[in-house]
Amino acid sequence: MAEPVIFQKFLLRLSKEFSPENIQEIKFLLLPDEHEDEPSTGVELLRRLQKHGKLSENNVEGFISLLRDIDRDDLAEKVKEYKVKNINQGPIGVGASVANVNVAMSQFSNATRQQVSTPMAVEHDEGVHNTTLENATENTYNTYASENLSTGFVLESDSQSTNENVTVAAYDGNIMDEPKSSYFDENQVKDLSISTIGSNAEILYLQGPMDQSITAATSLANVEAFGSDYHNDQVRESSSSIVSSNAEIPAVYDGALMDEPESSEPPLSTPMDIEQESRVLNNAEVELHNYQKWLASPSLKKSNTIICCPTGSGKTLTAAHICYELRKEAMILNKEKAFKTVFIVPTRNLKQQQMDNFDMMPFEPNTLEVLDDMADVLDVIKARDIVFMTAKVLVNALEYTRLEITDLDLIIMDECHHTDKGHPYNELMQNFYLVEKARQVDQRGSLPQILGLTATLGVGKGARPIEHCIKMCANLDCLTVTHLTKEEHLTELKLHRPPLKADEIRAVPSRSSRDPFLLLLHDLMDHICEKYGLSCEHAEGSQGYETWTVETRNNAESAQNWERAAAASFLKMYTNAIECTYNLRRRDGLRLIKNKLIELCPKGQTEQPWEVELQRSLDEKMDLLIELCDDKRDENPMGTDLANLLIKLIGNPDAKGLILTRTKYSTQALLEFINESAIPNVRVGRIIGQGQGSSQDSQTDKRQLKVLEDFRNGTINVLVGTDVVQEGLDVPRCNFVIRYNFVSNEIGSVQGKGRARHVDSVCYLIVPKGSINEARERENTLKVELMKEALKELDREKRDILEEKIRNKQKENWDEYLLKQREKRTRVYDITPDAVTLFHKGECGVELCKGSDIIRKGTDYICIAPSFINDKIKESPVWRQNFRYDSLIGAIECKKCGKKLGSLKEYKFGGRRKGHILANKSVMYSVNGKKTLEHIKQWSKVGWQIQEEPLD
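See the structure below:
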């Protein structure tokens, strides 16, 4: 029998499939005066329609017709299917059938809050009778007992031969606060009536404002709830309270979203959208697959573990189940006041996605939270029990705030294969977790449980892949890697997550090396190398050649040979253009050159003689380069193969897929190539990582999320991106992944292919035939198999022997950590700060300040020299961006040449409220007046001591 909450959950799922165009088309249903705050999402739209009575279970036929009118037959069929399965079983309230509900009949203590709901069937000895709202109102019962209202409503019935008292405790979807006294204020009740249901059951209707601080106890039925009479200003303070009762408390909901109460008093509750309702009302856990239950079992036994399972297998939902069960046990059975969980992700755009997965579990309201840029980590962890954030934010909070690792109960690490070397995941484990583990933990509080999630651990760079597995276990303090081995589980996984229909390396002929456009670029590069005596062993257009040009430029800058440095910069530009032309079209290579020239030779700035000469050589060949780009016969076999694949794959109008490529510029080139190819039904978008450059080579977090949402709802059906979307992106209906001459390591190969999750999904790698990337991918395929064998070998190890190996590796890691810490504490700086002079990098070369003028505030390195602030720079305002501990308010530019030197920040705490931050890439330094200049790769690794100023 259908519960009304099913309709709400159905609408929640349905709302995510509405496109912006669909939302605009449906808005006409809203009254004109309701357009003051127009809905912008599917969730908001459906909530508004419900609020005004235009959408409910008893008028789904009209909703189906509407969906067909806007050409969403696919959604109409889903609504029709829902109606057949869930609504046609008999109406109640707004159309859903009444479920047989066991009503708790118990006397609540005076300290217990009241829950009264609509509509509710009450069970007596003779059984429960189903009824409808229409039948129930025919026999209105006008009397009810008012005695002892603090312990529940006592109902009487004329047809009842006994004088049995029945206490009704039900939840109506609204939220109530702890009563100020044991007396129930009847003035809170706006409309109360009791109707007889047959001979032995009553139905109670109650409408009126109720407070909003109680959580839904329904998800924790049949267990003793924890109390709400505690107050703790520490991190472990709980943000929620649950009804104290040993009774089973049913949740009954009428299918409509709550509106603001019509009362002159301040409202005690606020409207909730469909997502919130699903969280409040879902009193049954999502049913996991058997293999997911098996994956969860070690964690439910309080063991640290790594869950290693293919992408799309439901690892996040498994983690949500683990978190829910551990939290329930801690707070209900053990009566702990809170259970604090942090879910950390490697990239920002995964935070909301992972919280949405957790939302499928019946957590109470105000339990889950995505940490935004401005929120204080400590405050959010105090207020919410489960918080989603990036690893670096957590590391910074542990280092710079009062947050302690022991304040947390569970840390879930998504894509945990990153826990190595200098990654923030490894910083978290080494600098905080393992440090605390080495102390007298039992006297300081317990360590959080660790749960790692990954599709593959990789094989590392050692001789044996199993050694890498042991290393990862040591880094994560886990004694087990939980993965599927039983045939029944593997079979079930294949049903849930079907294997790829095709996984193919498409090795196609590359563009001819005798291409006239490429030959012109080679001539320009040969001329530069001959003039400056440069030579490289790598082929022009390769990654090796690009690396060589960067090293050559850096060496020239250290020697203050700006002419040679400029020549190396031009060589880098040309080799990037060759790579781009090999991958796509001549015009894409030429466009790259023109864009790069703006950076190398900015207009309005004085050009050096060598810059004039380098640009003149290019200008001499520019007309011929443009002519070759206009040649209609310019075809690249790789580009042709990509276009043909897209024509084939987008034949299905519902298909969508990813195209992954190596560089940000190549994403733009591919976007333009696809658009200009005019492939039918293709709607292409682009996503890249964040950065400090133009919109061409960086995207804000907000822009990334918008592109991903457009991809999910079908506004975009082909998404071109860098490896920013290679990990974690959850698009269930993604039919294909094409890696366009892009190969990383074995982990990248697994992650990239894992984005294709639809039935009959396909993956293709387009590479030049005989290329390094073709060979590398075949090597990665072998490494993936070696990793699987390593896990099997790990399983075959005797438990005690395996644990000893992991402990030994962990001790080895710990000894290395202690050595580094000793070196850091006893570090003898061979340079005194006053001996250091910092210069603006490049031909400008203006002296900026001394090394002693640099201080560190958090992760920022600030110049505090008055001469620098007053005489060397000018402040340029930018659009203000507010963050957790500071705000970006401007940029700082060199007064002499006008180039950017860094940024200007305003701090929220501490004595220094304004900071002029020097970018390490904009400066170089000399020691004791030497002519040789040194680059600053990282401020934290310079050879002189930089004083630290506390954040607060």
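Using the working numbering, the first residue of the sequence shown is number 68, and each one after it goes up by one. All C-beta atoms in this analysis are idealised placements derived from N, C-alpha and C, irrespective of residue type, glycine included. On a predicted model such as this, the values are computed, not experimentally measured, just so you know.
Beta carbon of residue i nearer than 8 Å to that of residue j
| i | j | result |
| --- | --- | --- |
| residue 754 | residue 791 | yes |
| residue 817 | residue 774 | no |
| residue 481 | residue 406 | no |
| residue 619 | residue 543 | no |
| residue 785 | residue 741 | yes |
| residue 989 | residue 967 | yes |
| residue 794 | residue 377 | no |
| residue 876 | residue 528 | no |
| residue 379 | residue 359 | no |
| residue 821 | residue 522 | yes |
| residue 928 | residue 953 | no |
| residue 375 | residue 861 | no |
Cβ neighbours of residue i in the same chain (closer than 7 Å, five flanking residues each side left out)
| i | result |
| --- | --- |
| residue 994 | 898, 902, 903 |
| residue 469 | 445 |
| residue 748 | 717, 720 |
| residue 573 | 708, 831, 832, 833 |
| residue 22 | Look at the range of the chain in this structure, 68 to 1019, and you will see that residue 22 is not part of it. |
| residue 495 | 458, 461, 462 |
| residue 706 | 651, 652, 740 |
Top-ranked residue by Cα proximity to residue i, from the options
| i | options | result |
| --- | --- | --- |
| residue 433 | 439, 443, 453, 441 | 453 |
| residue 478 | 600, 408, 153, 837 | 408 |
| residue 1022 | 519, 472, 398, 492 | Not covered by the structure: residue 1022. The range shown for the chain is 68 to 1019. |
| residue 715 | 746, 703, 693, 412 | 746 |
| residue 420 | 868, 455, 450 | 455 |
| residue 828 | 566, 892, 598, 503 | 566 |
| residue 972 | 574, 978, 984 | 984 |
| residue 694 | 976, 737, 587 | 587 |
| residue 411 | 630, 400, 976, 464 | 464 |
| residue 838 | 554, 823, 646 | 646 |
| residue 112 | 361, 85, 778 | 85 |
| residue 789 | 589, 840, 729 | 729 |
| residue 731 | 702, 803, 705, 766 | 766 |
| residue 842 | 630, 812, 982, 823 | 812 |
| residue 526 | 466, 826, 854 | 854 |
| residue 849 | 532, 733, 664, 956 | 532 |
| residue 582 | 698, 513, 804, 614 | 698 |
Proximal residues to residue i (C-beta, below 6 Å), its chain only, five neighbours per side dropped
| i | result |
| --- | --- |
| residue 127 | 146, 150 |
| residue 1016 | 922, 924 |
| residue 964 | 911 |
| residue 578 | 649, 703 |
| residue 77 | 149 |
Nearest-angstrom Cα separation, counted from residue j out to residue i
| i | j | result |
| --- | --- | --- |
| residue 416 | residue 970 | 25 Å |
| residue 108 | residue 116 | 12 Å |
| residue 712 | residue 727 | 14 Å |
| residue 887 | residue 1007 | 14 Å |
| residue 423 | residue 436 | 10 Å |
| residue 491 | residue 438 | 17 Å |
| residue 643 | residue 606 | 12 Å |
| residue 674 | residue 667 | 10 Å |
| residue 326 | residue 114 | With a pLDDT of 33 at residue 326, under the threshold of 50, the predicted position of this residue should be treated as unreliable, though the coordinate-derived value follows. Near 10 Å, if we compare the C-alpha coordinates of residue 114 and residue 326. |
| residue 443 | residue 951 | 6 Å |
| residue 584 | residue 684 | 15 Å |
| residue 548 | residue 857 | 11 Å |
| residue 621 | residue 918 | 21 Å |
| residue 737 | residue 651 | 8 Å |
| residue 609 | residue 384 | 42 Å |
| residue 560 | residue 770 | 35 Å |
Nearest-angstrom Cβ-Cβ length linking residue i and residue j, presumed shorter than 8 Å
| i | j | result |
| --- | --- | --- |
| residue 89 | residue 139 | 6 Å |
| residue 428 | residue 388 | 7 Å |
| residue 625 | residue 1000 | 5 Å |
| residue 750 | residue 696 | Rounded, the Cβ-Cβ distance is 27 Å, inconsistent with contact. |
| residue 617 | residue 639 | 7 Å |
| residue 87 | residue 782 | 7 Å |
| residue 550 | residue 356 | The pair is not a contact, with the Cβ atoms about 15 Å apart (cut-off 8 Å). |
Neighbourhood of residue i by C-beta distance below 8 Å, restricted to the same chain and skipping five residues each side
| i | result |
| --- | --- |
| residue 691 | 587 |
| residue 81 | 109, 113, 142, 145, 146 |
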